[in-house]
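Residues in the sequence shown are numbered consecutively from 1, following UniProt numbering. Here a beta-carbon is modelled for each residue, glycine too, at the ideal position from N, C-alpha and C.
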Amino acid sequence: RLFFELSRKRFKELSKRSGSLAPDETPARPAGRYFELDFGGKSETIKLPVGDSLKKKVRDAVAGLMGDLLKNKINDDIPDTLSVRTKSQRCAAIMLGQQAFYRTGGSTPPPHSMARCDSYLPKAKDPFHDITLDEVQGQIARCGMGQLFLRANDDGRLAGCGDVVCDATDIANFDVRDSFERLGAAAAFQIDASGSLRITAIDWRHGDTVVRPGDEEWEHAKWVWRCSMITHMTAVHHLVWTHWIVANALASSCREALRPKHPIRLLLQAITYNTFSINHNSALSLFPESGMLHRMSPFPYDQLQAIFAHAANTWRHQTWPQVYEETRLPDAFKARLPIFEDGLPVWQALHDFVAAYVSLHYKDDAAVSGDSELQEYWKFSCVPQYAQGLPPLSRVALTNQITRGMFDVTAYHELVGDVVVYTTDPAGAALQVRPGRDMADIQQFFQVNSLVAGTGTPMPMFVPSGEPGDEDWLSHLDTGEIAKLPQVSAIYKTMMDRLKQVSAQIHKRNGPGGGRERSFGQMDPLVLERSVSL
């Protein structure tokens, strides 16, 4: 209940941010306070700076609210009145959720924003008619969150079941509390002539068996597979990798090592707006024992800590083209996978802009290595896992690091954080599985959607609309060197024009005759926010 109320209180209209987006003029220095993420000794501690602008009154209020919550012990018992078992109960839960998160008097968000004026929840871009159908599982794997888990089928347990597997079994390595089933499942798919996927079997780890269409446990196995993916994606890809490692590294190091008018700080501040506050709030509510994520997940706290540590230890710095090359899938199928078919052109537009911007300010590697502030920036002292994954500082390394950071807080964050299409149906996906249940109970349904509501707050767009609170960020790149302003303006305009062209191409691929059985808009440049939200 507290989390539900908190998710609504945090909502802020974009128009009220107008005037607060200017670059921070605070001198480079370590933060006065940090929230330390201690993973029980299984990974190095990550430090989240607490922004100087966070008022003590607000900080104390949030801490007090969380303190009230943490006093309550976790009770996983659910009365039968909160169970969702039938189609009519499922429909009633969907309507109840829409009513509970309804809001009035909201301002119209920017044209391409996923925020809504009538709900605390973000828009569902392309709702499923029925997410439980077999054919929809192939759409989830090829055009949804399953893309992150796809690989060639070389699995002995699923041998002969299809060309590829969507493997979310990693989460099966972690114990769960007594009321829940262990998560973890891998689905096998056959690639048809059009490139679509047909599900053939699921390796259900809790049941230690391979389940096939028509088997008694088939519907349950599909539910476990969807829940395993969203749980892994939320805890690992979204929370640890994108927020606590990448966004935190960008925001903390540029703020602590680079002077206000440093060209790299100006660029990074454009994509780290409000990151200190967002990450601090995520740590307060999602990291602690008995906190929100502990309650809505099935894991004992030591196992949740182990998941965080595993995520931190397995993070790797790669360019998106490197991710493409290392993904083990049939070449023709991989080339048409939306995260690459759409994502690679987005990456290239960002990379070309960053390369031109860096080259404008640093003529060669010697200029980069000779910048003492950049040398300090490259230490990323708040996030040792990030620092350890980087190559030595050079102009190319700096370009790739900034580009990947920009890609992660925009396109990748949209991919791993946009889950409303799965969570607003109790049969869609949740963060826990109860024995014999194929849908989320009402308590889990509201817990998960309270978390999702945190992503419904509108943020400034990467391709700006020009509306109040969503102003153009070109002016943020003014270092005071008048001679460079026309060049910066030119490369900025080139990037924006290219991103709009990429968006038009994505719309064609998502439209009739575009070759996709389901639209994929998470990497459409026009819907990307320019910094992380929860």
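Asked                                                                                                                                  : Found
Local Cβ density within 10 Å of isoleucine 131, reported as buried at 16 or more and exposed below that                                : buried
Meets three-Cβ-pair contact criterion under 8 Å: the stretch 433–452 and the stretch 217–237                                           : yes
Among Val84, Gly480, Gly417, the one whose alpha carbon lies nearest that of glutamine 522                                             : Gly417
Tryptophan 225: first and last residue of the uninterrupted alpha helix (DSSP H) it sits in                                            : 218–232
Minimum length 4: unbroken alpha helix (DSSP H) runs contained in the stretch 252–305                                                  : 263–270, 275–286, 292–296
Sufficient close CB pairs (3 or more, under 8 Å) joining the stretch 353–361 to the stretch 489–498                                    : yes
Start and end residues, beta strand (DSSP E) containing isoleucine 491                                                                 : No beta strand (DSSP E) contains isoleucine 491, which is instead part of the alpha helix (DSSP H) from 485–510.
Assumed close pair arginine 151, aspartate 167 - CB separation to whole angstroms, cut-off 8 Å                                         : 6 Å
Closer than 8 Å to chain B by CB, leucine 121                                                                                          : Structure shown: chain B not included; a single protein chain is present.
Exposure of asparagine 248, with buried meaning 16 or more beta-carbon neighbours within 10 Å                                          : buried
Expected contact under 8 Å - CB spacing of valine 346 and valine 502 to nearest Å                                                      : 6 Å
Selected residue, minimal CA-CA separation from asparagine 173, among Gln147, Ala306, Ser107                                           : Ala306
Distance CB(methionine 296)-CB(methionine 229) smaller than 8 Å                                                                        : no
DSSP three-state assignment for threonine 9, whether helix, strand or coil                                                             : Sequence inspection shows lysine at residue 9; the threonine mentioned does not correspond to that position. Helix, per DSSP.
Coarse secondary structure for isoleucine 46, derived from DSSP in three states                                                        : strand
Backbone secondary structure at glutamine 522 - three-state DSSP                                                                       : coil
Secondary structure, beta strand (DSSP E): runs of 3+ residues fully inside the stretch 83–153                                         : 150–152
Distance CB(histidine 237)-CB(leucine 148) smaller than 8 Å                                                                            : yes
As assigned by DSSP and simplified to three states, the class of phenylalanine 462                                                     : coil
Beta-carbon proximity list for valine 136, same chain, < 6 Å, skipping 5 on both sides                                                 : Phe128
Inter-residue Cα distance where the pair is tryptophan 241 and tryptophan 315                                                          : 7 Å
Reduced DSSP secondary structure (H/G/I, E/B, other) of leucine 37                                                                     : strand
Any non-hydrogen atom of the ligand ZN within 7 Å of aspartate 80 CB                                                                   : Of the ligands one can find in the structure shown there are none, so the ligand ZN has no counterpart to examine.
Isoleucine 506 versus proline 338: straight-line alpha-carbon distance, rounded                                                        : 9 Å
Buried/exposed call for isoleucine 482, threshold 16 Cβ in 10 Å                                                                        : exposed
Beta-carbon proximity of arginine 198 to glycine 138, cut-off 8 Å                                                                      : yes
Option in Leu390, Asn313, His206 with minimal Cα separation from valine 433                                                            : His206
Contacts around alanine 251, its chain only, beta-carbon distance under 7 Å, and the 5 residues preceding and following it disregarded : Thr272, Thr275, Phe276
Beta-carbon proximity list for glutamine 447, same chain, < 6 Å, skipping 5 on both sides                                              : Met296
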